[in-house]
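In what follows, a structure is listed as structure tokens, so that the remarks can point back to it.
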Amino acid sequence: HRIDSRRMCRRAHRMITPSSFDRIGRINQSRGYGEKMDGLREAVLEMMRDVAEIGVQAAEVILREVPELRDASAEIQAAIRTVPGAELLASFDAMVRALPREAMTPSTEVVEATRLMARARIPLPAVLRCFRVVQPIIWQSWSEAVRRALPDSRQQSVHDAGAAFMFTWNDRSSEVIAQEYQLERDRLAHATSAARVDLVERLLAGAPSDPESTRRTLGYAIEGVHVAAVLWTDHGADVDSLLRLERAATRLSGEHRPLLVPAGAHTMWAWMHTLQTVGLEADVHAAIGDTGTGLIGFRDSHNQALQARRVAELIPGMPGRIIRFADVEVLSLCTVDPDRARAFARRVLGDLAGDGDIQARLRETLSTHFQTRFNQRETARRLGLHHNTVIYRLQQANAALGRPVDDDPVAVALALRLAQLLPVTPAQS
Numbered sequence: 002h003r004i005d006s007r008r009m010c011r012r013a014h015r016m017i018t019p020s021s022f023d024r025i026g027r028i029n030q031s032r033g034y035g036e037k038m039d040g041l042r043e044a045v046l047e048m049m050r051d052v053a054e055i056g057v058q059a060a061e062v063i064l065r066e067v068p069e070l071r072d073a074s075a076e077i078q079a080a081i082r083t084v085p086g087a088e089l090l091a092s093f094d095a096m097v098r099a100l101p102r103e104a105m106t107p108s109t110e111v112v113e114a115t116r117l118m119a120r121a122r123i124p125l126p127a128v129l130r131c132f133r134v135v136q137p138i139i140w141q142s143w144s145e146a147v148r149r150a151l152p153d154s155r156q157q158s159v160h161d162a163g164a165a166f167m168f169t170w171n172d173r174s175s176e177v178i179a180q181e182y183q184l185e186r187d188r189l190a191h192a193t194s195a196a197r198v199d200l201v202e203r204l205l206a207g208a209p210s211d212p213e214s215t216r217r218t219l220g221y222a223i224e225g226v227h228v229a230a231v232l233w234t235d236h237g238a239d240v241d242s243l244l245r246l247e248r249a250a251t252r253l254s255g256e257h258r259p260l261l262v263p264a265g266a267h268t269m270w271a272w273m274h275t276l277q278t279v280g281l282e283a284d285v286h287a288a289i290g291d292t293g294t295g296l297i298g299f300r301d302s303h304n305q306a307l308q309a310r311r312v313a314e315l316i317p318g319m320p321g322r323i324i325r326f327a328d329v330e331v332l333s334l335c336t337v338d339p340d341r342a343r344a345f346a347r348r349v350l351g352d353l354a355g356d357g358d359i360q361a362r363l364r365e366t367l368s369t370h371f372q373t374r375f376n377q378r379e380t381a382r383r384l385g386l387h388h389n390t391v392i393y394r395l396q397q398a399n400a401a402l403g404r405p406v407d408d409d410p411v412a413v414a415l416a417l418r419l420a421q422l423l424p425v426t427p428a429q430s
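Everything in the sequence shown is counted per my numbering, starting at 2 for the first residue and increasing by one.
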């Protein structure tokens, strides 16, 4: 503190000297300031005698009264210690030059400290509080300087003029500080986002991973257990789509913060260590990969989520807004070439692929029969039909197929599933 104090005093005397006051006073005489300006000059000179000590006291108040700074880095705390004194000198300079509000500029120390706190993710209200909590000390010091420097008859007008200036200075400083904070956060977000996207793309492309450096860049443990998700909104969604997708991914991940990478205006890639069962907003969809471990699981689960999304967008009839790869894995394999998948379903099902109500009922009965492992009574129960009705429909289905289902049950079951979700007839198409 002693070194900083000496440096601050030398800086003060270089910046604001009696000759500069005389020059500015003469200029302001022509503006009608007169005796009031002389009083401001004398009070400022008096207060400058203690500027270093005031700065030290004010810095201690900031570090004590702003909880967010108690565990801040040594670099931030050191920067905070330079702020009050430097800000006093900058305000003195603006006061004696009678700068208009738009020309007032906080000290470089304030700007640098603001940027450091923005990088450390200290909230803006806490940053602004740093400059509010010292106002009682500054105000008391100004009152004492006016009282020591001026006779009683001149104190009130100079005191009030200084108070008006301080109000304007603090208002302008808060405005500039908020702007600098947001600019630094934007720069940080852009740099962080670009670095995150670049690293994720390299990892997905097969690049090796150093766990520590990857964790620092992504804020996510790559060596852990992963569940990947691809979230998207319907086309034509509003401009806040990414914000809503971020909220949805955060809800899906539960207590653990997910890794989020925007992949377009209406798409978000996400990785999370746990997956919660939650509902999604009406126009938000999520495709979910299987659980994986380490870098291989990171890649595999993501690729599975991409495939689940492809199936969901390919098949208009997909139920639900959360699509799990485990539920559509076979379909993802069979729909890499959708035209061939439709041709396969038409060939296997024969007349059963027709678009009439009768064919639809027969396909439903046969699909349920597969699901119940060929239990006719359970099929009847699930469909709410008489046992004999199920037997009759199964006979009709065999006739429409042109061969018994037992000849190739796997092909028939797959064709039924494709027919359920893909338009397989010209009329359906």
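Cβ coordinates follow ideal geometry from the N, Cα and C atoms, glycine included.
Practice prompt. Quick one: using the 10 Å Cβ neighbour count with 16 as the cut-off for buried, is L184 buried or exposed?
Written response: Around the beta carbon of L184, a 10 Å sphere encloses fewer than 16 other beta carbons of the protein chains shown; the residue is thus reported as exposed.
Discussion item. So F345 and I289 are supposed to be a Cβ contact under 8 Å. How far apart are they, rounded?
Written reply: Rounded, the Cβ-Cβ distance is 27 Å, inconsistent with contact.
Discussion item. Restricting to runs no shorter than 4 residues, where is the alpha helix (DSSP H) found entirely within the region 360 to 429?
Written reply: As far as the region 360 to 429 is concerned, its whole alpha helix (DSSP H) runs of at least 4 residues are 377 to 384, 388 to 402 and 410 to 422.
Worksheet item: By the 10 Å Cβ neighbour count, where 16 or more other Cβ atoms means buried, how is L415 classified, buried or exposed?
Response: Taking all protein chains shown into account, L415 has 16 or more neighbouring C-beta atoms within 10 Å of its C-beta and is therefore buried.
Practice prompt. Specify the secondary structure class of P263 as computed by DSSP and reduced to three states.
Written response: Correct three-state label for P263: strand.
Discussion item. At the level of alpha carbons, what is the spacing between L1 and G357?
Written reply: Only positions 2 to 430 of the chain appear in the structure, and residue 1 is not among them; the question remains open.
Worksheet item: Can you check whether the CB of L90 is closer than 8 Å to the CB of I55?
Response: Not a contact, by the Cβ cut-off of 8 Å.
Discussion item. Beta-carbon within less than 6 Å of R322's beta-carbon, same chain only, minus the 5 sequence neighbours each way: which residues are those?
Written reply: These residues qualify, in order along the chain: L281 and H286.
Item to complete: Look at the Cβ atom of M96, then the Cβ atom of F168, and state whether they are nearer than 8 Å.
Response: No, they are not a contact pair.
Worksheet item: Around the C-beta of V111, are 16 or more other C-beta atoms found within 10 angstroms, so that it is buried, or is it exposed?
Response: Using a 10 angstroms sphere on the CB of V111, the tally of other CB atoms reaches 16 or more, which defines it as buried.
Item to complete: Identify, in the order they occur along the chain, each residue of the same chain with its Cβ nearer than 7 Å to the Cβ of L315, setting aside the five sequence neighbours on each side.
Response: Cβ neighbours of L315 beyond the five flanking positions: T336 and P339.
Worksheet item: Any idea if S74 is buried or exposed, counting beta-carbon neighbours within 10 angstroms, 16 or more meaning buried?
Response: When all chains shown are included, S74 counts as exposed.
Practice prompt. May I ask you to report which of helix, strand or coil DSSP gives L276?
Written response: Reduced to three states, the DSSP call for L276 is coil.
Worksheet item: So what does DSSP say about G163, is it helix, strand or coil?
Response: Three-state DSSP puts G163 in a helix.
Item to complete: Identify whether M269 lies in helix, strand or coil by the three-state DSSP scheme.
Response: In the structure shown, M269 sits in a strand (DSSP, three-state: E or B).
Practice prompt. Would you mind giving the Cβ-Cβ distance between V147 and A44, rounded to the nearest angstrom? I have them listed as a contact below 8 Å.
Written response: The pair is a contact, with the Cβ atoms about 5 Å apart (cut-off 8 Å).
Discussion item. So within the region 294 to 365, which uninterrupted beta strand (DSSP E) runs reach at least 3 residues, ignoring any that extend past its ends?
Written reply: DSSP runs (the beta strand (DSSP E)) wholly in the region 294 to 365: 323 to 325.
Worksheet entry | Close beta carbons around H14, own chain, < 7 Å, minus the five adjacent residues each side | Confidence in H14 is poor, its pLDDT being 45 and thus under 50, which makes the residue's placement unreliable; the coordinate value appears in the next sentence. Closer than 7 Å at Cβ, skipping near neighbours: no residue.
Worksheet entry | Touching by the beta-carbon criterion (3+ pairs, under 8 Å), the region 294 to 311 and the region 241 to 255 | Contact fails: fewer than three Cβ-Cβ distances are below 8 Å.
Worksheet item: Would A266 be called buried (16 or more neighbouring beta carbons within 10 Å of its own) or exposed?
Response: Exposed is the call here.
Practice prompt. Please report the Cβ distance between S242 and L296, rounded to the nearest whole angstrom; I am assuming they are in contact, meaning their Cβ atoms lie under 8 Å.
Written response: Actually they do not touch by this definition, with Cβ atoms about 29 Å apart.
Worksheet item: Any idea what DSSP makes of A114, helix, strand or coil?
Response: Reduced to three states, the DSSP call for A114 is helix.
Worksheet item: Comparing alpha-carbon positions, which option in V331, A162, C131 and L64 lies nearest S144?
Response: Here the closest residue by C-alpha is A162.
Discussion item. Which of the three DSSP states is assigned to V97 in this structure?
Written reply: Helix.
Worksheet item: So who's on the other strand from T292, going by DSSP bridges?
Response: T292 is bridged to V228.
Worksheet item: Across which residues does DSSP place T234 in a beta bridge pair?
Response: Partner(s): V285.
Worksheet entry | Residue range of the unbroken alpha helix (DSSP H) whose run includes I138 | Unbroken alpha helix (DSSP H) run through I138: Q136 to A150.
Item to complete: Figure out for me which residue from W272, V279, E69 and A283 has the closest Cα to the Cα of T294.
Response: Measuring from the Cα of T294, the nearest candidate turns out to be W272.
Worksheet item: Between the region 63 to 71 and the region 153 to 161, do at least 3 Cβ pairs fall closer than 8 Å?
Response: Contact between the region 63 to 71 and the region 153 to 161 is absent: fewer than three C-beta pairs spanning the two stretches fall below 8 Å.
Discussion item. Is it the case that the region 196 to 204 contacts the region 133 to 144, given that we only count it when at least three CB pairs across the two stretches are under 8 Å?
Written reply: At 8 Å Cβ cutoff, the stretches do not touch.
Worksheet item: Does the Cβ-Cβ distance between W270 and V279 come in under 8 Å?
Response: At a Cβ-Cβ threshold of 8 Å, W270 and V279 do not count as neighbours.
Worksheet entry | Reduced DSSP category for Y182 - H, G, I as helix; E, B as strand; rest coil | Note: Y182 maps to helix in three-state DSSP.
Discussion item. Please state whether the Cβ-Cβ distance between L189 and R120 is less than 8 Å.
Written reply: The criterion of a C-beta distance shorter than 8 Å is satisfied by L189 and R120.
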